[in-house]
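Residue numbers (this note's numbering): 422 to 484.
Every residue, glycine too, gets a C-beta built ideally from N, C-alpha and C.
In this text the structure is predicted, and so the values were computed from the model without any measurement.
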């Protein structure tokens, strides 16, 4: 397999891009971990509300 010879400058630029990409990934993971739990619960409650509007039975007894 033939490999290309890269200049030192090209290698440095590629390394800087990869380093920045890794920093962004780490930042995004930190944001996901720091997301409040209530957002997840609101999403679940919102889905249940939509299901009831579609005609699915609710937890309340009908009179």
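Which of helix, strand or coil DSSP assigns to residue i
{"i": "residue 430", "result": "helix"}
{"i": "residue 425", "result": "coil"}
{"i": "residue 456", "result": "coil"}
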